[in-house]
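Only one structure is covered here, and it is reproduced in the block below.
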Amino acid sequence: MIMIKIGLLACNSRASNTGELTGAAATEIVREYNDVGILSLPALANGVARQVAMAKEISHIIVIDGCKNSCAKKIADRLGLKYDACLNLGEDLGIRKIGHFST
189 MIMIKIGLLA CNSRASNTGE LTGAAATEIV REYNDVGILS LPALANGVAR QVAMAKEISH
249 IIVIDGCKNS CAKKIADRLG LKYDACLNLG EDLGIRKIGH FST
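When you line the sequence shown up against our numbering, it's residues 189 to 291, in that order.
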């Protein structure tokens, strides 16, 4: 079993283009690097104890959000997860959010 050294906490919402891009980016990174894994945002949002404990054991976490709502970052902050970097596709890269649930 390969130990995860870097955890990706991606928005991964399918409700907008930027949310979908966060999931696609995370998936590509995991395919490229064996020691990177994607954390379960829904499990963390719901406080699933095992998932929270596992996330807190990962050496490095990178948060990838799609828009100004910064849902993944807010969940990480609420749980006290320490992350090394936070990328917001809308704010940092200027990618315009489109979709039925664009807020």
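Every residue, glycine too, gets a C-beta built ideally from N, C-alpha and C. Computed from a predicted model, the values in this text were never measured in an experiment.
- Judged by DSSP secondary structure, Asp-253 falls within the beta strand (DSSP E) whose first and last residues are 248-253.
- Non-local beta-carbon contacts of Leu-227 in its own chain, meaning distances under 7 angstroms to residues more than five positions away in sequence, involve Gly-195, Leu-196, Leu-197 and Ala-243 in chain order.
- A residue is called buried when at least 16 other Cβ atoms come within 10 angstroms of its Cβ; Ser-204 meets this threshold and is buried.
- Checking the DSSP bridge columns, you'll see Asn-257 has no partner listed.
- The beta carbon of Tyr-271 is closer than 6 angstroms to those of Ile-249, Val-251 and Ala-264 in its chain, skipping five residues each way along the sequence.
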